[in-house]
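Chains as they are written, first to last, in numbering that gives the first Met the number 0: chain E, 0 to 249; chain L, 0 to 249; chain X, 0 to 249; chain C, 0 to 249.
In this text, a Cβ means the ideal position worked out from N, Cα and C, and glycines have one as well.
What follows is a short report on a single structure.
Number of protein chains: 4
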Amino acid sequence: MNIDFNADMGESFGMYVMGNDEKFMKYITSANVACGFHAGDPTVMKKTVALAKQYGVQVGAHPGLPDLQGFGRRAMNLTMEEIHDDMVYQVGALRAFVEAAGLKLHHVKPHGSLYGMAMQREEVAKAICQAVLDVDKSLYLYIMKKGFAGPVAESMGLRVVYELYADLDYDGDGNLVITRHHDVRKPEEVAARVIRMVREGKVKTTKGTEIAIEGTSVCLHSDTANASDIVAAVRKELEKAGYPVVAPKL
Amino acid sequence: MNIDFNADMGESFGMYVMGNDEKFMKYITSANVACGFHAGDPTVMKKTVALAKQYGVQVGAHPGLPDLQGFGRRAMNLTMEEIHDDMVYQVGALRAFVEAAGLKLHHVKPHGSLYGMAMQREEVAKAICQAVLDVDKSLYLYIMKKGFAGPVAESMGLRVVYELYADLDYDGDGNLVITRHHDVRKPEEVAARVIRMVREGKVKTTKGTEIAIEGTSVCLHSDTANASDIVAAVRKELEKAGYPVVAPKL
Amino acid sequence: MNIDFNADMGESFGMYVMGNDEKFMKYITSANVACGFHAGDPTVMKKTVALAKQYGVQVGAHPGLPDLQGFGRRAMNLTMEEIHDDMVYQVGALRAFVEAAGLKLHHVKPHGSLYGMAMQREEVAKAICQAVLDVDKSLYLYIMKKGFAGPVAESMGLRVVYELYADLDYDGDGNLVITRHHDVRKPEEVAARVIRMVREGKVKTTKGTEIAIEGTSVCLHSDTANASDIVAAVRKELEKAGYPVVAPKL
Amino acid sequence: MNIDFNADMGESFGMYVMGNDEKFMKYITSANVACGFHAGDPTVMKKTVALAKQYGVQVGAHPGLPDLQGFGRRAMNLTMEEIHDDMVYQVGALRAFVEAAGLKLHHVKPHGSLYGMAMQREEVAKAICQAVLDVDKSLYLYIMKKGFAGPVAESMGLRVVYELYADLDYDGDGNLVITRHHDVRKPEEVAARVIRMVREGKVKTTKGTEIAIEGTSVCLHSDTANASDIVAAVRKELEKAGYPVVAPKL
Chain E
0 MNIDFNADMG ESFGMYVMGN DEKFMKYITS ANVACGFHAG DPTVMKKTVA
50 LAKQYGVQVG AHPGLPDLQG FGRRAMNLTM EEIHDDMVYQ VGALRAFVEA
100 AGLKLHHVKP HGSLYGMAMQ REEVAKAICQ AVLDVDKSLY LYIMKKGFAG
150 PVAESMGLRV VYELYADLDY DGDGNLVITR HHDVRKPEEV AARVIRMVRE
200 GKVKTTKGTE IAIEGTSVCL HSDTANASDI VAAVRKELEK AGYPVVAPKL
Chain L
0 MNIDFNADMG ESFGMYVMGN DEKFMKYITS ANVACGFHAG DPTVMKKTVA
50 LAKQYGVQVG AHPGLPDLQG FGRRAMNLTM EEIHDDMVYQ VGALRAFVEA
100 AGLKLHHVKP HGSLYGMAMQ REEVAKAICQ AVLDVDKSLY LYIMKKGFAG
150 PVAESMGLRV VYELYADLDY DGDGNLVITR HHDVRKPEEV AARVIRMVRE
200 GKVKTTKGTE IAIEGTSVCL HSDTANASDI VAAVRKELEK AGYPVVAPKL
Chain X
0 MNIDFNADMG ESFGMYVMGN DEKFMKYITS ANVACGFHAG DPTVMKKTVA
50 LAKQYGVQVG AHPGLPDLQG FGRRAMNLTM EEIHDDMVYQ VGALRAFVEA
100 AGLKLHHVKP HGSLYGMAMQ REEVAKAICQ AVLDVDKSLY LYIMKKGFAG
150 PVAESMGLRV VYELYADLDY DGDGNLVITR HHDVRKPEEV AARVIRMVRE
200 GKVKTTKGTE IAIEGTSVCL HSDTANASDI VAAVRKELEK AGYPVVAPKL
Chain C
0 MNIDFNADMG ESFGMYVMGN DEKFMKYITS ANVACGFHAG DPTVMKKTVA
50 LAKQYGVQVG AHPGLPDLQG FGRRAMNLTM EEIHDDMVYQ VGALRAFVEA
100 AGLKLHHVKP HGSLYGMAMQ REEVAKAICQ AVLDVDKSLY LYIMKKGFAG
150 PVAESMGLRV VYELYADLDY DGDGNLVITR HHDVRKPEEV AARVIRMVRE
200 GKVKTTKGTE IAIEGTSVCL HSDTANASDI VAAVRKELEK AGYPVVAPKL
């Protein structure tokens, strides 16, 4: 079984820099590129696609809510039609840069509140999946195996890649504990945790309990202080354990 | 020789309504659809594409400067890279809606200040044409046969459709006199003027002089009070004179 | 007892026109002027203040959520700090135009979702009232007498003006039925309904039931087709019944 | 003669951090706070005002063009009315936070392209000065003594504070050489240059020539790598030379 490393990329905006794309791109196998609504702008998108191409990283669209100030993390009460249309717009815009670079768009991963809403509300999951299908039926949807998004996507015929979170905690209900800044963690501990998720399908929650977990793509964040140490350790342990780190086939 | 009728469409935004798309779409053969920077939003774009499809109208992208408040009419000092990237983004976004509707994107026409800058500055013309090529080499560029855009586009291998303006005046230098509101004009006078532009390649300017003019697509505006009378009169006279009103072939 | 007529004004944005401010301003006694987040822009604000001054209408700030596309009607999950700060910003911006025109700011009325959130969530009511206090303790808060906003405002020492809605329906729970477009209503029926609300403190709901209602400012909308007939009829009946139509004293 | 140290502050936006406000505020005597158009948001503004208060720093408004992506550095062809109104709006918004903090607004300094346009075009200088007067006649205008802004401001009765740039170069025409990133400079060299500007009214340009220069406020940038060393050195030399570092009196 192959394991994919995905990370959010292209989150800078105009003069504002966010993340460490230049440094982190080489460690991952697929990049979730912001599309200009919650982060990113056209020039940042073009450059991020070029950087991914340079390192042979698959490019996915990372569309978010239309709220730059809130970074797409403040829930907004959009209609299902608005969610669908905002997705088509953003994925289409990124696809143009990907194809202009001679590549093919690989996947879609909703960002922030949109990601959460996709798991929690069936109608949102449907709107998002329909948007992906409307742009390109062969795109992967990246999502956690929890809540509505996975089953909805599978029933609608989308190819789904389930995610494991390496550097965020799961709470007692199996939800992610989102933090504004990502804490430094010991690389070997993160690696051990990922190995366990992959091999045993289990992870320890912040409550001390254990929950079942399933996925083939490990999500990592570029802005943890020791991000490159973490990703190197996880990759090394995965490869040692017989899991090649490779993106899902285009 | 066929003559095309193009008009700007999809300029509403959220709750704000602009133009008379529902009423005017049936009179034209190609629609320039706003892409969300100077006007339009994702839902407006989707609905405008659906309306064009309903009437068999070809759909083009109408990208503009990133300035909703100024409606893309306030010149902005973007870099050539920003112009290129803003174009790719917008054209890509619209293309996604066009393809989701089972259609193929037909053309690109820059909006407002971007249109003017394309005629006046060679480097802008190049940036715009490169963006169109980067998205799809088969797209038509709609532009006036004046200034840099036409020759640059032709030399770069783009298919160009030259425009004639039916309901705007040309000043002594052959530039358009842009007005905030479009005056009511006598339909038969507009029709006679268009016939003369098409047949004789001449038009009278606001200075009373005559200038040479060339084009195969007539641009019309949906928000003139008697817009439908004008477009009907122009079409009738063109067809009487042996010019079928048809969009350039996809 | 005096009765005030308030209406939302200054909701145009750039080239986009909304409402009939020019025509409707003369019928009202206090104007709620949009502040650039959900509608309005600086030039629209300045012109709206000038128009209010021309007709001797009191000027209030009408701040909304930062969502122009959604017109401030899509609930957003802002923090209490963000709500407070977004209010201070918008009220301060409008106040500058009011004072530049030689007037004094009269009141604050939250717009759309912000108005609804102020009634439904105590913490939001507190954040909003604190923002008003932080800008100017003498400002009136316009709000419905229902839910948290009124009691919170009174307990925090704000001067409160309760609103009655003339041209919108109340549902069985006493909440407003918000519609995208305002229906034409018979002026004499609206007038009778307002008289009853003012004199008897009662109104019939869409369920056919009766609820208690209390207020001294009647909110009217400028974009109903027969808005000026309605406002004229309501004023005539109120004055006949002994209620002068006058804004709350500055 | 007192010398003032001013710096641009509050340029972060939402999750995006810019500058080193926390660290740099203690070194300056007046802060130019971004007002939400080219940078800053309401919460950033409030926090920046609080930080200035903590260090006894005078607070000025730093309004810019409505272009967050371009950071207010891309010239935009606004009408004089739009420039005036955009200024009143932003200065009014910031003033609300300043007064809510129990302070009084001290000055206005236009940002980026707006600053440049104020020096180069008389009509822009007038629009900007009128806006400052319309908000509060007692506000200082911070500007370079070059071009139209100074004379216009003085003739319109504004109090003007002329600026000297410590960490940017002047070109042969006396214009600033604006760079995206501010180079590390030797603190003692910057200090010597400032002393010479203050005492002799002269500065060396990038052409090697000398030009006359006049001013009482030194502008410094917080994002140079050794910014705090520079500001400490400049202050030390100024005080040694008998120039107290103090903001202009409120």
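Going by DSSP, what residues sit across from L:HIS61 in a beta bridge?
The partner list for L:HIS61 (beta bridge, DSSP) reads L:ALA33.
Assign E:TYR54 to one of three DSSP states: helix, strand, or coil.
When secondary structure is reduced to three states using DSSP, E:TYR54 falls in the coil class, being assigned neither helix nor strand.
Grab me the residues of L:SER11's own chain with a C-beta within less than 6 Å of its C-beta, minus the 5 sequence neighbours each way, in chain order.
For L:SER11, where only same-chain residues beyond five positions count, the Cβ hits under 6 Å are MET17, VAL43.
Give a yes or no on contact between the stretch 188-195 of chain C and the stretch 144-155 of chain C, applying the rule of three or more CB pairs nearer than 8 Å.
Too few Cβ pairs lie closer than 8 Å, so no.
Under 8 Å, Cβ to Cβ, is there at least one residue of chain E near C:PHE96?
Not closer than 8 Å to any Cβ of chain E, the Cβ of C:PHE96 fails to qualify, so no.
Determine the burial state of C:LEU104: buried for a count of at least 16 other Cβ atoms within 10 Å of its Cβ, exposed for fewer.
The residue is buried, with at least 16 neighbouring Cβ atoms inside 10 Å.
How big is the Cα-Cα spacing for C:GLY171 and C:PHE36?
Between the alpha carbons of C:GLY171 and C:PHE36 lies a distance of about 32 Å.
Please name the residue or residues paired with C:ILE127 in a DSSP beta bridge.
DSSP output for C:ILE127 lists no bridge partner at all.
Would X:GLY214 and X:TYR161 qualify as a contact pair, given that the criterion is a beta-carbon distance under 8 Å?
Result yes, Cβ atoms of X:GLY214 and X:TYR161 sit closer than 8 Å.
Here's the rule: buried if 16 or more other CB atoms are within 10 angstroms of the residue's CB, otherwise exposed. What is X:MET0?
With fewer than 16 neighbouring CB atoms inside 10 Å of its own CB, X:MET0 falls in the exposed class.
Taking a cut of 7 Å between CB atoms, which residues from the stretch 68-94 of chain E lie near chain C?
From the stretch 68-94 of chain E, only GLN68, GLY69, PHE70 have a Cβ closer than 7 Å to chain C.
Are the beta-carbon atoms of X:LEU113 and X:GLY63 separated by less than 8 Å?
In contact: X:LEU113 and X:GLY63 (Cβ atoms closer than 8 Å).
Nearest neighbour of E:ARG158, chosen from E:LYS22, E:VAL107, E:THR78 [CA to CA]
Its Cα nearest to that of E:ARG158, the residue E:VAL107 stands out among E:LYS22, E:VAL107, E:THR78.
L:GLU209 versus C:GLY39: straight-line alpha-carbon distance, rounded:
Answer to the nearest angstrom: the Cα atoms are 52 Å apart.
Which listed residue (X:GLY111, X:GLY173, X:LEU77, X:LEU219) has its alpha carbon closest to that of X:HIS181
In terms of CA proximity to X:HIS181, X:LEU219 leads the group X:GLY111, X:GLY173, X:LEU77, X:LEU219.
Within 10 angstroms of the Cβ of X:ALA232, are there 16 or more other Cβ atoms? Answer buried if so, exposed if not.
Its Cβ being crowded by 16 or more others within 10 Å, X:ALA232 is buried.
Comparing C-alpha positions only, which one of C:GLU81, C:ALA152, C:ARG184 sits nearest to C:ASN225?
With distances taken between Cα atoms, C:ASN225 lies closest to C:ARG184.
Starting from the beta carbon of E:GLY13, find every residue of chain C whose beta carbon is closer than 7 Å, and list them in chain order.
What E:GLY13 touches in chain C: LEU67, GLN68, GLY69, PHE70.
Between C:LEU93, C:ALA165, C:ASP84, which lies nearest to X:VAL87 when the distance is taken from Cα to Cα?
Selected option, being the one with the closest Cα: C:LEU93.
Here's the rule I'm using: 16 or more other beta-carbon atoms within 10 Å means buried, otherwise exposed. How should C:THR78 be labelled?
Looking at its Cβ environment, which holds fewer than 16 other Cβ atoms inside 10 Å, C:THR78 is exposed.
Whole angstroms are fine: how far does the CA of L:TYR141 sit from the CA of L:GLY200?
Each residue's Cα considered, the two are about 18 Å apart.
Can you tell me where the beta strand (DSSP E) holding E:LEU219 begins and where it ends?
Going by DSSP, E:LEU219 is part of the beta strand (DSSP E) stretching over 216-219.
Return the CA-CA distance between X:GLY156 and X:ILE177, expressed in angstroms with no decimal places.
Taking the straight line from one Cα to the other gives about 30 Å.
CB of E:VAL245 within 8 Å of CB of E:ASP3, strictly:
In this structure, E:ASP3 lies closer than 8 Å to E:VAL245 by Cβ.
At what residues does the beta strand (DSSP E) containing L:LEU163 begin and finish?
Where L:LEU163 is concerned, the enclosing beta strand (DSSP E) starts and stops at 158-164.
Comparing alpha-carbon positions, which option in C:HIS61, C:VAL134, C:GLU80 lies nearest X:PHE96?
For the residues C:HIS61, C:VAL134, C:GLU80, the minimum Cα distance to X:PHE96 belongs to C:VAL134.
Output the boundary residues of the beta strand (DSSP E) element that contains C:MET8.
For C:MET8, the enclosing beta strand (DSSP E) covers residues 3-8.
Please classify X:LEU249 as buried or exposed, where buried requires at least 16 neighbouring CB atoms within 10 angstroms.
Exposed, by the Cβ-count rule.
Using DSSP's beta-bridge definition, name the partner residues of E:VAL107.
The partner list for E:VAL107 (beta bridge, DSSP) reads E:ALA60, E:LEU140.
For X:MET17, return the contacting residues in chain L, with the cut-off set at a CB-CB distance below 8 Å.
Per Cβ cutoff of 8 Å: MET14, TYR15.
Measuring straight from C-alpha to C-alpha, what distance separates E:GLY9 and L:LEU175?
Approximately 40 Å between the Cα atoms of the pair.
Determine the extent of the alpha helix (DSSP H) in which E:LYS203 is found, giving its start and end residues.
Per DSSP, E:LYS203 lies in no alpha helix (DSSP H) segment; the continuous beta strand (DSSP E) that holds it begins and ends at 201-203.
I need the straight-line Cα distance from L:ASN19 to L:VAL48, nearest angstrom please.
The straight-line gap from Cα to Cα measures roughly 14 Å.
Among L:LYS206, L:ALA211, L:GLY115, whose alpha-carbon lies nearest the alpha-carbon of L:ARG195?
Ranked by how close their Cα comes to the Cα of L:ARG195, the residues L:LYS206, L:ALA211, L:GLY115 have L:ALA211 in first place.
Find the residues of chain E that neighbour C:ASP40, judging by a C-beta separation of less than 8 Å, and give them in chain order.
Here the neighbours are GLN68.
Kindly indicate if chain L contains any beta-carbon less than 8 Å away from that of E:LYS103.
For E:LYS103, not one C-beta of chain L is nearer than 8 Å to its own C-beta.
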